[in-house]
Amino acid sequence: MKVGVKFCGGCNPYIDRKNVIERVKSMLPTGKFTFEYFDFDNCEIFLVINGCSLACAKFADKENIIMVSGFAIDGKQYTEEDLPFAVFKRLVAIASGSG
Amino acid sequence: MKTGQEYIDSLKEMKTQVYFQGKKIDNIVDNPNFKPHINTAAVTYDVAFDPEMMELATAVSNFTGKKINRFTHIQQNSDDMVKKSKFLRAIGQKTGTCFQRCVGWDAMNAVYSVSYEIDQKYGTKYQENVINFVKYIQENDYMVVGGMTDPKGDRSLPPHKQPDPDVFVHVVERREDGIIVRGAKAHQTGAVNSHEILVMPTVSMKPEDKDFAVSFAAPLDAPGVTLIFGRQTNDERKMGVLDQGNPTYGVVGGEALVIFEDVFVPWERVFMCGETEYAGMVVERFATYHRQNYGACKAGVIDVLIGASAVAAEYNGTGKASHIKDKMIEMILLNETLHASSLAAGYESQPLPAGNYYPQTTYANITKQNITRNHYEISRLAHDIAGGLLGTLPTETDLNDPKLGPLVLKYFVGAANTDTLDRIKMARLIENMTGGTSLVESMHGAGSPQAQRVVLLRDANLKKFKKLAQTICGITPKD
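Protein chains in written order, with the numbering used here: chain A, 2 to 100; chain B, 476 to 954.
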């Protein structure tokens, strides 16, 4: 499953955006997901990691988007500690067709 | 686009004539006096390839449709103007100091807009020259110095009346293939580690100043160009590590006096020559673009300073004290105020006749006026929080001495579970970030404080405000 990842520009991030993605990767089963940062053609899931609630980064005209906006995912609040696991659950749910 | 390493490698190919402390510098790349500034500038290149920053760090060229480093971009809309502010803050957070490249960016945008208006009036082809230059910069991802500030000599005299005309860059000869120029530009940020300089006039001019109303681009290693690097308060510390505070990126941008001794500039690189009534427009456009930045790059740098102050308080064991928290609040308030006005200048930006976007003038000038105060106040609070050791710490030579080092570590111990060396590092960072050179840069960069105050009064809607008050009082305004 190919996941396209876009970060916001990081002007003043409240979360460690890189750490979020690294922790999500470490939770996923090996070999089942690949992550693409530059070329988003042929991606099936889209993960946007914004450093704050302004959520400057977006994917236009895509489906299966997980939007991290600071401490929130798709509007629901988490602690920074719980954020990666919440992203992981959403990824797995979408990949299995139940999300 | 170049990576940071490719940028550094490109500097090795330049033959820039650089002098410092009486010596000609043949290898600037490995010279400790310049290395921190080069490292900082290299960050502006590397961020374009960093997924965490490229959303801000790159743009699409309106000329070629190719992806470019945002520092070479002509501002196309208010989104670009806002991204500029956010982008500069993001880099400031990484480097903790000036990264030099925004001056040339603003110069290209200013000259792009003014050359268009000169062409409209006189049928010249200056903007075509500017566009070709910008395309060249974008294609090669070169770093451009914004050559605004002349030494100026006697400030009470216009350029053409100066006893020595060389205190303003001017044309000494017009030829069929180009012009010969003479003079100097002072306080040129990043000059020793840039590729090109974009020269602009620095004051409004009258017809008698015709030879001084000149704008052009020249490679910094063009024959006749000489650079003398400026003294900084941390010169000798660059020979060491810890006492620099920020050893990787240094303090401020590194400024030089750039001298032009009968330098030839071909016509295709000339963007203004003699159109004196547009000199003031170039100055104002450049200044406004640049003043917006001081709530952006500086906001990022001050974020680092605020963080350093908070850490220093923890290392001191005072982190939970209410007066410390109050000082932190004040620092945050002052810094976010800066950024807010920089963003406002971007959100409220409007297109110029040339089509590129321009910051809202009042907000850009407020931003700059406020940095001349807020940076000093924030620095004062940092000094207050961190403590007297900022001014009295023994040198790193003492710290590295086998007999003296343990004594330094013993007597500068801080809170429990704090590594004393970390405490010293943080103190050095604060000391260097708040030392003389960086504050002077905030005071005078993009124009001294009075320059913004002139614009603020000029642009204020005072006539309307008076009528508002009179109306509320039931007074009929006398027009």
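Note that beta-carbon positions come from the ideal geometry of N, C-alpha and C, so glycine has one too.
Compare the beta carbon distance of residue i and residue j with 8 Å and say whether it is the shorter of the two.
{"i": "T533(B)", "j": "I549(B)", "result": "no"}
{"i": "S690(B)", "j": "V740(B)", "result": "no"}
{"i": "S553(B)", "j": "G821(B)", "result": "yes"}
{"i": "A857(B)", "j": "R564(B)", "result": "no"}
{"i": "F704(B)", "j": "F940(B)", "result": "no"}
{"i": "G658(B)", "j": "V644(B)", "result": "yes"}
{"i": "L48(A)", "j": "V93(A)", "result": "no"}
{"i": "G863(B)", "j": "H512(B)", "result": "no"}
{"i": "T599(B)", "j": "K685(B)", "result": "no"}
{"i": "E37(A)", "j": "V6(A)", "result": "yes"}
{"i": "V738(B)", "j": "I655(B)", "result": "yes"}
{"i": "K660(B)", "j": "G715(B)", "result": "no"}
{"i": "M806(B)", "j": "I841(B)", "result": "no"}
{"i": "V504(B)", "j": "L486(B)", "result": "yes"}
{"i": "A783(B)", "j": "I905(B)", "result": "yes"}
{"i": "L574(B)", "j": "A516(B)", "result": "A small fix is needed here, since residue 574(B) is Phe in this sequence, not Leu. Yes, they are a contact pair."}
{"i": "N668(B)", "j": "F509(B)", "result": "yes"}
{"i": "E743(B)", "j": "N604(B)", "result": "yes"}
Which partner residues of residue i appear in the DSSP bridge assignment?
{"i": "G622(B)", "result": "V674(B)"}
{"i": "K499(B)", "result": "Y494(B)"}
{"i": "N51(A)", "result": "S70(A)"}
{"i": "E691(B)", "result": "The sequence shown places Phe at residue 691(B), rather than the Glu named in the question. Beta-bridge pairing links F691(B) to V674(B) and V745(B)."}
{"i": "K660(B)", "result": "V733(B)"}
{"i": "Q78(A)", "result": "A73(A)"}
{"i": "I860(B)", "result": "Answer is none; I860(B) lacks a bridge partner."}
{"i": "I899(B)", "result": "According to DSSP, which records beta bridges pairwise, I899(B) is partnered with nothing at all."}
{"i": "I513(B)", "result": "Beta-bridge pairing links I513(B) to no other residue."}
{"i": "I46(A)", "result": "V4(A)"}
Using three-state DSSP, classify residue i as helix, strand or coil.
{"i": "C12(A)", "result": "coil"}
{"i": "L943(B)", "result": "helix"}
{"i": "R855(B)", "result": "helix"}
{"i": "F36(A)", "result": "strand"}
{"i": "L702(B)", "result": "strand"}
{"i": "P826(B)", "result": "strand"}
{"i": "G821(B)", "result": "helix"}
{"i": "G880(B)", "result": "helix"}
{"i": "Y832(B)", "result": "strand"}
{"i": "G653(B)", "result": "strand"}
{"i": "I950(B)", "result": "coil"}
{"i": "G866(B)", "result": "helix"}
{"i": "Q637(B)", "result": "coil"}
{"i": "K843(B)", "result": "helix"}
{"i": "K3(A)", "result": "strand"}
{"i": "V930(B)", "result": "helix"}
{"i": "V667(B)", "result": "helix"}
{"i": "D646(B)", "result": "Reading off the sequence, residue 646(B) comes out as Val, not Asp. Three-state DSSP puts V646(B) in a strand."}
{"i": "K802(B)", "result": "helix"}
{"i": "A94(A)", "result": "helix"}
{"i": "K19(A)", "result": "helix"}
{"i": "Y887(B)", "result": "The sequence given here has Phe at residue 887(B), not Tyr. Three-state result, F887(B): coil."}
Please determine whether the Cβ atom of residue i lies at a distance below 7 Å from any heavy atom of the ligand HEM.
{"i": "F538(B)", "result": "Inclusion of the ligand HEM in the displayed structure is not the case, the ligand content being empty and no account of it being possible."}
So is residue i in contact with chain E if we call contact Cβ pairs under 8 Å?
{"i": "K542(B)", "result": "No chain E is present in this structure, whose protein chains are A and B."}
Check your understanding: Which residues, in chain order, does the stretch 562-594 of chain B contribute to contact with chain A at a C-beta distance below 8 Å?
Key -> So the list reads F562, R564, A565 and Q568, given in the order they occur along the chain.
Point to revise | Segments of 4+ residues assigned as alpha helix (DSSP H) that fall wholly inside the stretch 523-611 of chain B | key: Those alpha helix (DSSP H) runs which fall completely within the stretch 523-611 of chain B and span 4+ residues are 529-532, 553-570 and 577-597.
Point to revise | Start-end ranges of the alpha helix (DSSP H) lying completely within the stretch 707-783 of chain B, minimum 4 residues | key: The qualifying runs are 754-768.
Practice item. Compile a chain-ordered list of the residues in the stretch 514-528 of chain B whose CB is closer than 7 Å to at least one CB of chain A. Key: Residues passing the 7 Å Cβ filter: P526, E527 and M528.
Review point. Going along the stretch 3-30 of chain A in order, which residues come within less than 8 Å of chain B, judged by CB to CB distance?
Key: Taking 8 Å as the Cβ-Cβ cut-off, the stretch 3-30 of chain A approaches chain B at V6, K7, F8, C9, G10, G11, C12, N13, R18 and K19, given in chain order.
Exercise for review: Could you name the residues of the stretch 45-74 of chain A whose beta carbon sits closer than 8 Å to any beta carbon of chain B, in the order they occur along the chain?
Suggested key: Flagged, chain order: C57 and A58.
**Study point:** Near-chain A residues of the stretch 798-832 of chain B (beta-carbon distance less than 7 Å), N- to C-terminal order
**Key:** Within the stretch 798-832 of chain B, no residue has a Cβ that lies closer than 7 Å to any Cβ of chain A.
**Study point:** Where the stretch 31-43 of chain A meets chain B: residues whose CB sits under 9 Å from a CB there
**Key:** For the stretch 31-43 of chain A, residues whose beta-carbon sits nearer than 9 Å to a beta-carbon of chain B comprise Y38 and F39.
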